[in-house]
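Numbering (the working numbering), first residue to last: 29 to 297.
Encoded structure:
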């Protein structure tokens, strides 16, 4: 497990984008070898997406031979609803880059058979050769995607009923009206993400500090699903200073002492 500690959100976004760029370029994708990338929604990755867009527009990166798989989508809101994750991804990322639309995969929360949709999504990931790098963010309660506290750590893509805290937290996106917030979502499972060859977790802000402590310094627990990635052979956590407020000083000093090595991971060749 790696932990990269940076000064602030902007540095986290830039470092993460450079790391993704380095991984894609090292992979050297082509017509017969696509790079598969798992992607999140939410506020945390927006800065990373902005930097990736800059790299692509500057000709320093291409998504022509990249396939993406998003983590989740709400159930039963229109695909073109401004708060659907389809809209989020297209407005904030996909429409600005050179990805082939058929290679940008997002769960369909309006599918006639939602269970089949989830099972088919797992098959699409398998058929694509598995995920090379899965990027995720977390909630203050340590959940990744919609794998909320209590979720099985061997879970697969499935339908999830959202808990009351999540519904209240998401009400701000729906004009503060709880009745308009979707009560269910489709989400990849913890095991779906664990199956990726590498996992990158972005954690920023003081409100995520306790979850960060649970993810890094305590044991694996289904009540803090992000903690599962302690057991992944290739996990990299990227955080800002505010997110380290609950970590032991010794922990922070140890990982900061490795920054010279970590920065080699984003150098352009």
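A virtual CB, placed ideally from N, CA and C, is assigned to each residue, including glycine.
Whole angstroms are fine: how far does the CA of residue j sit from the CA of residue i?
| i | j | result |
| --- | --- | --- |
| residue 32 | residue 287 | 7 Å |
| residue 268 | residue 297 | 26 Å |
| residue 180 | residue 217 | 8 Å |
| residue 253 | residue 154 | 23 Å |
| residue 240 | residue 127 | 33 Å |
| residue 172 | residue 51 | 22 Å |
| residue 129 | residue 121 | 12 Å |
| residue 208 | residue 57 | 42 Å |
| residue 196 | residue 59 | 44 Å |
| residue 256 | residue 191 | 20 Å |
| residue 202 | residue 104 | 14 Å |
| residue 227 | residue 116 | 22 Å |
| residue 142 | residue 106 | 15 Å |
| residue 36 | residue 137 | 34 Å |
| residue 118 | residue 275 | 36 Å |
Cα-Cα, which of the options is closest to residue i?
| i | options | result |
| --- | --- | --- |
| residue 34 | 177, 210, 173, 233 | 233 |
| residue 213 | 134, 224, 221 | 134 |
| residue 89 | 95, 61, 48, 73 | 48 |
| residue 132 | 140, 66, 86, 104 | 66 |
| residue 176 | 215, 118, 293, 37 | 215 |
| residue 163 | 200, 189, 224, 93 | 224 |
| residue 229 | 263, 237, 295, 278 | 263 |
| residue 210 | 219, 184, 178, 174 | 174 |
| residue 146 | 191, 97, 85 | 97 |
| residue 182 | 278, 92, 144, 248 | 248 |
| residue 61 | 143, 86, 91 | 91 |
| residue 15 | 193, 79, 220, 39 | In the structure displayed, the chain extends from 29 to 297; residue 15 sits before or after that span and is not available. |
| residue 277 | 99, 79, 81, 244 | 244 |
| residue 82 | 94, 114, 118, 45 | 45 |
| residue 294 | 242, 266, 102 | 266 |
Between which two residues does the beta strand (DSSP E) harbouring residue i extend?
| i | result |
| --- | --- |
| residue 95 | 94-98 |
| residue 248 | Neither: residue 248 is in no beta strand (DSSP E) and is coded neither H nor E. |
| residue 228 | 227-231 |
Going by DSSP, what residues sit across from residue i in a beta bridge?
| i | result |
| --- | --- |
| residue 65 | 96, 161 |
| residue 212 | 189 |
| residue 133 | 97 |
| residue 33 | 267 |
| residue 143 | According to DSSP, residue 143 bridges with nothing at all. |
| residue 58 | 61 |
| residue 166 | 172 |
| residue 238 | For residue 238, which the question treats as bridged, DSSP gives no partner whatsoever. |
| residue 102 | 213 |
Is it the case that the Cβ atoms of residue i and residue j are separated by a distance below 8 Å?
| i | j | result |
| --- | --- | --- |
| residue 125 | residue 166 | no |
| residue 222 | residue 250 | no |
| residue 55 | residue 160 | yes |
| residue 271 | residue 237 | yes |
| residue 75 | residue 41 | yes |
| residue 301 | residue 168 | A query on residue 301 cannot be resolved here, the shown segment of the chain reaching from 29 to 297 and no further. |
| residue 150 | residue 72 | no |
| residue 68 | residue 99 | yes |
| residue 95 | residue 140 | no |
At which residues does the alpha helix (DSSP H) containing residue i begin and terminate?
| i | result |
| --- | --- |
| residue 300 | Because the chain here runs from 29 to 297, residue 300 falls outside it and cannot be looked at. |
| residue 72 | Note, residue 72: premise wrong, no alpha helix (DSSP H); not H, not E. |
| residue 219 | 218-222 |
| residue 279 | 277-284 |
| residue 288 | 287-291 |
At a threshold of 7 Å, does residue i count as lining the ligand GDP (C-beta to nearest heavy atom)?
| i | result |
| --- | --- |
| residue 71 | The ligand GDP is not among the ligands present in this structure, which contains no ligands whatsoever. |
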